[in-house]
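Heads up: the sequence shown begins at 1 in our numbering, then just goes up one per residue. For glycine and all other residues, C-beta sits at the position ideal for the given N, C-alpha and C. Report on one structure; see the data block that follows.
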Amino acid sequence: MAQLVATIGKAGYNRILKATETASAAYRQLGLTTLSQEVATLGALLCLLQILDGILTGIGVFHFGTTIEGNALLRALMENWGYVNALVFVKSLAILIILSLCSLSRMVSWLPKAMKAVIVIYLAAAIIPWTAVFIMKTI
Numbered sequence: 001m002a003q004l005v006a007t008i009g010k011a012g013y014n015r016i017l018k019a020t021e022t023a024s025a026a027y028r029q030l031g032l033t034t035l036s037q038e039v040a041t042l043g044a045l046l047c048l049l050q051i052l053d054g055i056l057t058g059i060g061v062f063h064f065g066t067t068i069e070g071n072a073l074l075r076a077l078m079e080n081w082g083y084v085n086a087l088v089f090v091k092s093l094a095i096l097i098i099l100s101l102c103s104l105s106r107m108v109s110w111l112p113k114a115m116k117a118v119i120v121i122y123l124a125a126a127i128i129p130w131t132a133v134f135i136m137k138t139i
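Shown next, in the form of structure tokens:
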């Protein structure tokens, strides 16, 4: 499972990098203000992590119930709205916040460093724990 995630992650990162290079070149041709390639890549990676976490969370909750979710607010939303609706809402909101942060990065110089830190924290606090749960509790 971890090897699969690593393989998908590397392939996905390379595709994102190429897409951001292409988009940046197109924006420069049009004379539009564009995000730096670094911020666009970090934002895309954060969005990908949100989607991956949503999928892993959905699989985990489907198999083990809402009690497996560590976030009390998200667990309460899942119990009230259903886990799919709650995950779609929360992950969509998170992606909107990421896109807003990418836009703000033109004015806030330290934002790319913060985004890198969030990626590391997110991997450690969400993606790796879900992977460990699936390894320890065979589905």
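Worksheet item: Shortest alpha-carbon distance to W130 belongs to which of V61, V88, Y13, K113?
Response: Selected option, being the one with the closest Cα: V61.
Worksheet item: If you follow the alpha helix (DSSP H) that M78 is part of, which residue opens it and which one closes it?
Response: Counting along the chain, the unbroken alpha helix (DSSP H) around M78 starts and ends at 72 to 81.
Worksheet item: Considering only the beta carbon of each residue, do Q50 and A23 sit closer than 9 Å?
Response: Not in contact: Q50 and A23 (Cβ atoms no closer than 9 Å).
Worksheet item: Can you name, in chain order, every residue of its own chain whose Cβ lies under 8 Å from the Cβ of L46, other than the five neighbours on each side?
Response: The residues are I98, M115, V118, I119, Y122.
Worksheet item: What are the boundary residues of the alpha helix (DSSP H) that includes G54?
Response: From DSSP, the alpha helix (DSSP H) with G54 extends over 37 to 64.
Item to complete: Locate the alpha helix (DSSP H) running through W130, then write down its first and last residues.
Response: That run of the alpha helix (DSSP H) goes 128 to 136.
Discussion item. Measuring only the C-alpha atoms, how far is A126 from H63?
Written reply: Roughly 17 Å separates the two Cα atoms.
Worksheet item: From what residue to what residue does the alpha helix (DSSP H) around L123 run?
Response: In this chain, L123 is not harboured by any alpha helix (DSSP H), its DSSP state being neither H nor E.
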